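Participant: Sharing a structure, written as structure tokens. Questions coming.
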Amino acid sequence: MTTGLWALALADFRERRRRPGYLVVLLGTLALGLLAAPVGDSRWEVFQVTDLHGRYTSGYVGTVTALGGAVWLSLAGFGIARGAIGRDEQSGVGRLLAATPLTRVAYLAGKFGSNLLLFGSMLLALAGTALAVQLVKGDSGHVDVLRLLLPYVLITLPLLAAVAGCAVLFDTLPGLRGGLGAAVWFAVWLVAVLGAQAGGGPDLLGMRRITASIRESIAAGGRPADGVEFGVGLTADNRVLGTFDWPGLGPGEAGAQVLGAVLLTAVAVGLALLGALWFRRFDGAGPRPAAGASEAVRSGGPAPEAGPAAFALAPGRLAPGRPAPARHGGTVAAALLGELRILVPGRRLWWAGAAALAVLAAGVAPDGPSHPVLPFAMLWPVLVWSRLGHRAGGGSTAELLGACPAPVRRGLAVLLAGVVPALAVVAVPAVLLLTAGQARAAAGALAGALLVPALALLCGAVTRGPRLFQSLYPMLWYGMINHVGGLDFLGVSGERAPAPAAVAAVAAALALGALALDAARHAAR
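Residue numbers (the numbering used here): 2 to 526.
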């Protein structure tokens, strides 16, 4: 049984590491490691200690990169970890597994193991980056492998095990398998991360033990340590910082973390296996044949892929089964209407209520050079944006009529379909800001309304799925509300934010990249 579970987990991990989303998150993890412990004159920080920063010992570099990895991967990594069960169901692998003696518990344990391998591979790469940073920086030539790796083993890995277990659990819950699950996890992540830093909840990041040890080292160096404050999050600090010498968590100090790490790992396993109570092991799995499908499909044959060749125009409706002639005369406006009819219908009542609330709340008066509600209103259309650039739950205009086969026109229609809900959110705040004399802020809001759909379109075109955007956008949004200048796509931080023209230029570059990728795929077909 153990050999079978390992083989299942390893095979699933090998398949998932070839996906573009894995590469993007891995590169983001390595970039975060370089930001957490920069070797040049960078002012970016992930671990803040009032007006100080530590010398690059093995313990310090290992701790700050491990904390950054915990924060990043617990959000972005969740997006690529979940969805494995749904892929097995859609690809037909689930039907094969349903015919084997594999139990529900064993299957879910294999998926949990695959998630752990996914996170573990990224942590190994991050630890290698931390070691390279220490050697290049040259603050300390002594490499203490134990102190370098302890934060990963006792803090980051148990936390990511819990994330892996939650990803499996969300995959078994029908209501949380889609975009709503991403929204729910973002809320959980915010509460958990902020609570771990504020000390008001479970110490998931090990901050109490780390900060106590650092305070002792600062006091031993002759500095007052009572007023020292700590935080975890990507910020830029242009001040000249003092230094302190901290060797990192030693075996004695880390001993207190062992029990917490073991308990958190046990909870992670329990969360992963909890889904066995309602998971049916793909019994009866497989896509339902559509009305009018051939008898071969009804009897269990493979369903044809949705595409322009699967539909033809009938008087007033679509008729499956006959190829549709390519029509190059379709306008972008007609394709845009088709895209909006796909993206917007089918949204649940709560989504419509959130839309109305977002539009109404956006009508409040602006507060100086920013609008207080606009950043939160920009969370509402995320489920619409995450469907751009790929076929998910309804496809695109190409599947409807084949009315816009030209890739540029089709891509423009998809992009504009994402811009429409963004403009619905920012239109009123932009007008209010403009009438209040805040022209730069109004332009920033409009530029942000172009950037986010363009980012969603590129993410969907690259990965052919919604997960990457659902992982990246919350991080971008979180950086914006924390006034990280380079990530402030709406301009809420005033003069520190990028110029609206620069944001619009980035949006155009992202959109052109997505259109070029779609055109290349169209030419290849």
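Just so you know, even glycine gets a beta-carbon here, dropped at the ideal spot from N, CA and C. Computed from a predicted structure; not experimentally measured.
Whole angstroms are fine: how far does the CA of Gly228 sit from the CA of Ala508?
Facilitator: Residue numbering aside, residue 508 sits at position 507 when the sequence shown is read from its first letter. Residue numbering aside, residue 228 sits at position 227 when the sequence shown is read from its first letter. Each residue's alpha carbon lies about 43 Å from the other.
Participant: Assuming Gly34 and Thr66 make a contact with CB atoms under 8 Å, what is their CB distance in whole Å?
Facilitator: Here residue 34 refers to the residue found at position 33 when the sequence shown is read from its first residue. Here residue 66 refers to the residue found at position 65 when the sequence shown is read from its first residue. Correct: roughly 5 Å between the Cβ atoms.
Participant: Can you check whether the CB of Phe171 is closer than 7 Å to the CB of Pro475?
Facilitator: What you label residue 475 is simply residue 474 of the sequence shown in a count that begins at 1. What you label residue 171 is simply residue 170 of the sequence shown in a count that begins at 1. No; because the gap between Cβ atoms is not below 7 Å, this pair is not in contact.
Participant: Given Phe470, which residues of its chain have a CB within under 6 Å of its CB, disregarding the five upstream and five downstream residues?
Facilitator: Residue 470 sits at position 469 when you count from the first residue of the sequence shown. Scanning its chain for C-beta atoms nearer than 6 Å, with the 5 sequence neighbours on each side dropped, one finds around Phe470 the residues Ser387, Ala457, Cys460, in chain order.
Participant: For the beta strand (DSSP E) containing Gly55, list its first residue and its last residue.
Facilitator: Position 54 of the sequence shown, counted from the first residue, corresponds to residue 55. 53 to 55 is the span of the beta strand (DSSP E), which, as asked, contains Gly55.
Participant: Is the beta carbon of Ser59 less than 7 Å from the beta carbon of Val144?
Facilitator: As a first step, residue 59 must be located in the sequence shown, where it is residue number 58. As a first step, residue 144 must be located in the sequence shown, where it is residue number 143. It is a contact, given that the beta carbons lie within the stated cut-off.
Participant: Rounded C-beta distance between Val26 and Gly78? I'm assuming under 8 Å.
Facilitator: Taking the first residue of the sequence shown as position 1, residue 26 is located at position 25. Taking the first residue of the sequence shown as position 1, residue 78 is located at position 77. With a Cβ gap of about 6 Å, Val26 and Gly78 count as contacting.
Participant: Using the rule of at least 16 other Cβ atoms within 10 Å of the residue's Cβ for burial, across every protein chain shown, is Ala85 buried or exposed?
Facilitator: Residue 85 sits at position 84 when you count from the first residue of the sequence shown. With 16 or more Cβ atoms within 10 Å of its Cβ, Ala85 is classed as buried.
Participant: What's the call for Asn116, buried or exposed, on a 16-neighbour Cβ count within 10 Å?
Facilitator: For the purposes of this step, residue 116 is taken as residue 115 along the sequence shown, with counting starting at 1. Classification for Asn116: buried.
Participant: Closest to Arg56 by C-alpha separation, out of Trp381, Val72, Lys138, would be which residue?
Facilitator: Translated into the one-based positions of the sequence shown, residue 56 becomes position 55. The shortest Cα separation from Arg56 among Trp381, Val72, Lys138 belongs to Lys138.
Participant: Do you know whose CA, among Val415, Val374, Tyr61, Ala512, lies nearest Tyr153's CA?
Facilitator: In the sequence shown, counting from the first residue as 1, residue 153 sits at position 152. Tyr153 has its Cα closest to that of Tyr61, out of Val415, Val374, Tyr61, Ala512.
Participant: Could you pull out every residue in the same chain whose Cβ sits closer than 7 Å to the Cβ of Arg465, ignoring the five residues on either side in sequence?
Facilitator: Here residue 465 is taken as the residue at index 464 of the sequence shown, counted from 1. So the list reads His391, once near-sequence residues are dropped.
Participant: Could you tell me whether the Cβ atoms of Val233 and Val72 are closer together than 7 Å?
Facilitator: Position 232 of the sequence shown holds residue 233. Position 71 of the sequence shown holds residue 72. Cβ atoms of Val233 and Val72: closer than 7 Å.
Participant: Name the residue from Gly166, Ser92, Gly63, Leu181 whose alpha carbon lies nearest to the alpha carbon of Gln135.
Facilitator: Translated into the one-based positions of the sequence shown, residue 135 becomes position 134. Residue Gly63 is the option with its Cα nearest to Gln135.
Participant: Just verifying my parser: in three-state terms, what is the DSSP assignment at Ser122?
Facilitator: Position 121 of the sequence shown, counting from 1, holds the residue named residue 122. Looking at Ser122 - three-state DSSP - the assignment turns out to be helix.
Participant: If I follow the unbroken beta strand (DSSP E) through Gly243, where does it start and stop?
Facilitator: Here residue 243 corresponds to residue number 242 of the sequence shown, with the count starting at 1. Where Gly243 is concerned, the enclosing beta strand (DSSP E) stretches over 243 to 245.
Participant: If we count the other Cβ atoms within 10 Å of its Cβ and call it buried at 16 or more, is Val192 buried or exposed?
Facilitator: Here residue 192 is taken as the residue at index 191 of the sequence shown, counted from 1. Exposed.
Participant: Once you ignore the five residues that flank Pro21 on each side, which residues in its own chain have a CB closer than 8 Å to its CB?
Facilitator: Walking along the sequence shown from the start, residue 21 turns up at place 20. Around Pro21: Val463, Thr464, Leu469.
Participant: Excluding the five sequence neighbours on either side, which residues of its own chain have a C-beta within less than 7 Å of the C-beta of Ala512, listed in chain order?
Facilitator: Position 511 of the sequence shown, counted from the first residue, corresponds to residue 512. The answer, listed in chain order, is Leu416, Ala455, Leu458.
Participant: Considering Phe490, what are the terminal residues of the alpha helix (DSSP H) in which it resides?
Facilitator: Counted from its first residue, the sequence shown places residue 490 at position 489. Neither: Phe490 is in no alpha helix (DSSP H) and is coded neither H nor E.
Participant: Among Leu242, Thr236, Leu344, whose alpha-carbon lies nearest the alpha-carbon of Asp52?
Facilitator: Residue 52 sits at position 51 when you count from the first residue of the sequence shown. Ranked by how close their Cα comes to the Cα of Asp52, the residues Leu242, Thr236, Leu344 have Leu242 in first place.
Participant: State the CB to CB distance for the pair Gly249 and Arg148, rounded to an integer number of angstroms; the pair is presumed to be in contact (CB under 8 Å).
Facilitator: One-based indexing of the sequence shown puts residue 249 at position 248. One-based indexing of the sequence shown puts residue 148 at position 147. Sure, about 4 Å apart at Cβ, within 8 Å.
Participant: Would you grab the beta carbon distance between Thr157 and Leu132 for me? Rounded to a whole angstrom, and I think it's under 8 Å.
Facilitator: By 1-based counting over the sequence shown, the position of residue 157 is 156. By 1-based counting over the sequence shown, the position of residue 132 is 131. Between Leu132 and Thr157 the Cβ distance is about 15 Å, and since that is not below 8 Å, they are no contact.
Participant: Gly276 and Leu109 - do their beta-carbons sit closer together than 7 Å?
Facilitator: If you number the sequence shown from 1, residue 109 lands on position 108. If you number the sequence shown from 1, residue 276 lands on position 275. A contact, by the Cβ cut-off of 7 Å.
Participant: What would DSSP say about Glu496, mapped onto helix, strand or coil?
Facilitator: Along the sequence shown, one-based indexing puts residue 496 at 495. Helix at Glu496.
Participant: Just checking my contact of Pro376 with Trp478 at CB under 8 Å: how many whole Å lie between their CB atoms?
Facilitator: If you number the sequence shown from 1, residue 376 lands on position 375. If you number the sequence shown from 1, residue 478 lands on position 477. Their Cβ separation, rounded to whole angstroms, is 7 Å, which keeps Pro376 and Trp478 in contact under 8 Å.
Participant: What span of residues does the alpha helix (DSSP H) with Asp172 cover, start to end?
Facilitator: For the purposes of this step, residue 172 is taken as the residue at position 171 of the sequence shown. 158 to 173 is the span of the alpha helix (DSSP H), which, as asked, contains Asp172.
Participant: Looking only at its own chain, which residues have a Cβ that is under 7 Å from the Cβ of Ala423, when we skip the five neighbours before and after it?
Facilitator: Residue mapping note: residue 423 aligns to position 422 of the sequence shown, counting from 1. So the list reads Pro382, Ala450, Val453, Pro454, once near-sequence residues are dropped.
Participant: Which first and last residues belong to the alpha helix (DSSP H) in which Thr66 is found?
Facilitator: Counting from 1 along the sequence shown, the entry for residue 66 is found at position 65. Start and end: 59 to 73.
Participant: Please tell me whether Phe113 and Val189 are closer than 7 Å, where the distance is taken between their beta carbons.
Facilitator: Here residue 113 refers to the residue found at position 112 when the sequence shown is read from its first residue. Here residue 189 refers to the residue found at position 188 when the sequence shown is read from its first residue. The answer is no: Cβ separation not under 7 Å.
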